[in-house]
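Numbering (our numbering), first residue to last: 63 to 209.
See below for the structure under consideration.
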């Protein structure tokens, strides 16, 4: 057997509508929405009484996908920290390539994004930054400049 592809990255959010608006502003498209509940959901995730809403977001090229999920039951849990530092254990960040990093940051700030550090330049190749998105999601942006 061989791996076929990476299908999506799942992210649990507090406010699905706000997360969809944020990632739409970034340039992703809603591929579909669904209400998830029932025995199959309980079995798949290993929780009892799962009831959630999801939105599948897709990148413009159709290859990258995020599954955003808002749990209604059981209640989503967390440590209350919505701004974990980049060296926190676990899923580190999701990176997106953009055409204009400054414009992208400005548009995402209107949806609550906050820079973690600053926009940095790596040689004459990339401009990069990390930001906090909805529900403390760490996002990275990269603008290729060395063509």
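Glycine residues also receive a C-beta, built at the ideal position from the N, C-alpha and C atoms.
Collapsed DSSP secondary structure at residue i in the structure displayed
i, result
"residue 198", "helix"
"residue 183", "strand"
"residue 193", "strand"
"residue 138", "coil"
"residue 177", "strand"
"residue 203", "strand"
Minimum C-alpha distance to residue i - residue among the options
i, options, result
"residue 139", "68, 74, 206, 66", "74"
"residue 150", "70, 198, 71", "198"
"residue 120", "132, 86, 67", "86"
"residue 174", "108, 77, 136, 118", "77"
"residue 90", "69, 123, 72", "123"
"residue 107", "170, 171, 72, 127", "72"
"residue 169", "88, 79, 64", "88"
"residue 118", "135, 165, 94", "94"
"residue 158", "125, 100, 63", "125"
Run of the alpha helix (DSSP H) containing residue i, from where it starts to where it stops
i, result
"residue 113", "Residue 113 -> not in any alpha helix (DSSP H); beta strand (DSSP E) instead, spanning 113-120."
"residue 167", "163-171"
"residue 28", "The structure shown has nothing for residue 28, since the chain only spans 63 to 209."
Residue range of the beta strand (DSSP E) that includes residue i
i, result
"residue 130", "127-135"
"residue 97", "91-99"
"residue 156", "156-159"
Contacting residues, own chain, Cβ-Cβ under 6 Å from residue i (five flanking each side not counted)
i, result
"residue 205", "160, 163, 189"
"residue 104", "110, 112"
"residue 135", "111, 113"
Same chain, Cβ closer than 8 Å to residue i, neighbours up to 5 away in sequence not counted
i, result
"residue 207", "183, 186, 187, 188, 189"
"residue 83", "173"
"residue 180", "191"
"residue 167", "175, 177, 181, 191, 193, 203"
"residue 80", "173, 174, 196"
"residue 152", "none"
"residue 127", "69, 70, 71, 93, 118, 119, 120, 121"
Spatial neighbours of residue i in its chain, beta-carbon cut-off 7 Å, leaving aside the 5 residues before and after
i, result
"residue 176", "193, 194"
"residue 96", "116"
Any non-hydrogen atom of the ligand NAP within 7 Å of residue i CB
i, result
"residue 101", "Because no ligand of any kind appears in the structure shown, any question about the ligand NAP cannot be addressed here."
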